[in-house]
Amino acid sequence: MNVSRVPRSKSAARDSYDRMSKWYDLFASPFEKKFINTGLQKLQASPGDIILEIGFGTGQGILELARSVGDSGRVYGIDISEKMCAITRAKVEKAGFSGSVGLVCGDAARLPFHSESFNAIFMSFTLELFDTPEIPIVLQECRRVLQKGGRLCVVAMKQKPDPTAMMKLYEWAHEKFPEYIDCRPIFVKEMLEKSGFCILDAAENSSWRLPIEVVVSGKV
Numbered sequence: 004m005n006v007s008r009v010p011r012s013k014s015a016a017r018d019s020y021d022r023m024s025k026w027y028d029l030f031a032s033p034f035e036k037k038f039i040n041t042g043l044q045k046l047q048a049s050p051g052d053i054i055l056e057i058g059f060g061t062g063q064g065i066l067e068l069a070r071s072v073g074d075s076g077r078v079y080g081i082d083i084s085e086k087m088c089a090i091t092r093a094k095v096e097k098a099g100f101s102g103s104v105g106l107v108c109g110d111a112a113r114l115p116f117h118s119e120s121f122n123a124i125f126m127s128f129t130l131e132l133f134d135t136p137e138i139p140i141v142l143q144e145c146r147r148v149l150q151k152g153g154r155l156c157v158v159a160m161k162q163k164p165d166p167t168a169m170m171k172l173y174e175w176a177h178e179k180f181p182e183y184i185d186c187r188p189i190f191v192k193e194m195l196e197k198s199g200f201c202i203l204d205a206a207e208n209s210s211w212r213l214p215i216e217v218v219v220s221g222k223v
């Protein structure tokens, strides 16, 4: 599984998302919205669930999850950007979900949660931001904090063994301009299976002729 590396440091990524936070809802969120909604539908959060979102950004998924789990459930989120966290906290408070949502600024490679804490984990356009050697570490952290039978939904750009010309062009742009084109395609299902998850559901779509995959997996 040949996946390109991530050349920038985490501190550079943090600074980049802090800068993008003010306009993220104008430019990035509309592109991501339909894929996030597909992932949330497939995750099937229910009242009473305790769910973690990794890389919640400006909070679109957090708010939907809070509505789904209701007063009897709880939603936690972790994101590397302090300013993204601040924007989402304001949205959570405005929506009246402060009592059922807990947000943390931190690194998903070291999740600050107890083992077997969550019924489900949601991650959209986040796993592909980690450097290739760190992706298995993040997935093992997900396994650690998931309860047995828990679900992990990943929405990500999909790599293929025979990438198209458009995919090759995108990866070239990612290598040259990582601050602006930060996602890169990964082998979603294969990486999940290699980390010990079983695939429960998968769907592929595309945006600008780039494949996007939504995969729901389970901890066995």
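Residues in the sequence shown are numbered from 4 upward in steps of one, following this note's numbering. Note that the Cβ used here is the ideal one computed from N, Cα and C, for glycine as well.
Is the beta carbon of residue i less than 8 angstroms from the beta carbon of residue j?
i: valine 78; j: glutamate 56; result: yes
i: histidine 177; j: serine 14; result: no
i: serine 19; j: lysine 86; result: no
i: lysine 192; j: alanine 205; result: yes
i: isoleucine 140; j: alanine 112; result: yes
i: leucine 66; j: arginine 154; result: no
Whose C-alpha, out of the options, is nearest the C-alpha of residue i?
i: methionine 126; options: Pro136, Phe59, Pro188 and Trp211; result: Phe59
i: leucine 114; options: Asn122, Pro166, Gly99 and Leu142; result: Leu142
i: arginine 212; options: Arg187, Glu196, Thr167 and Gln47; result: Thr167
i: serine 49; options: Ser210, Ala123, Val9 and Phe133; result: Ala123
i: valine 72; options: Ala98, Val104, Cys88 and Ser118; result: Val104
i: proline 10; options: Val217, Cys201 and Glu174; result: Glu174
i: valine 223; options: Leu130, Phe100 and Glu119; result: Glu119
i: methionine 194; options: Lys163, Lys151 and Gly76; result: Lys163
i: glutamine 150; options: His117, Ile81, Leu106 and Val218; result: His117
i: tryptophan 26; options: Pro214, Thr61 and Glu144; result: Thr61
According to DSSP, simplified to helix, strand and coil, what is residue i?
i: phenylalanine 2; result: With the chain running from 4 to 223 in the structure shown, residue 2 is simply not present.
i: glutamate 119; result: coil
i: phenylalanine 133; result: coil
i: phenylalanine 59; result: coil
i: cysteine 186; result: coil
i: serine 14; result: helix
i: isoleucine 65; result: helix
i: valine 6; result: coil
i: leucine 114; result: coil
Tell me whether the region 33-53 and the region 153-170 touch, counting them as touching only if at least three CB pairs, one residue from each stretch, are closer than 8 angstroms. yes
Sequence ranges, beta strand (DSSP E) only - wholly within the region 139-175, length at least 3: Correct list: 149-160.
As an exercise, report each continuous beta strand (DSSP E) stretch of at least 3 residues that is fully enclosed by the region 21-61, in chain order. 53-57
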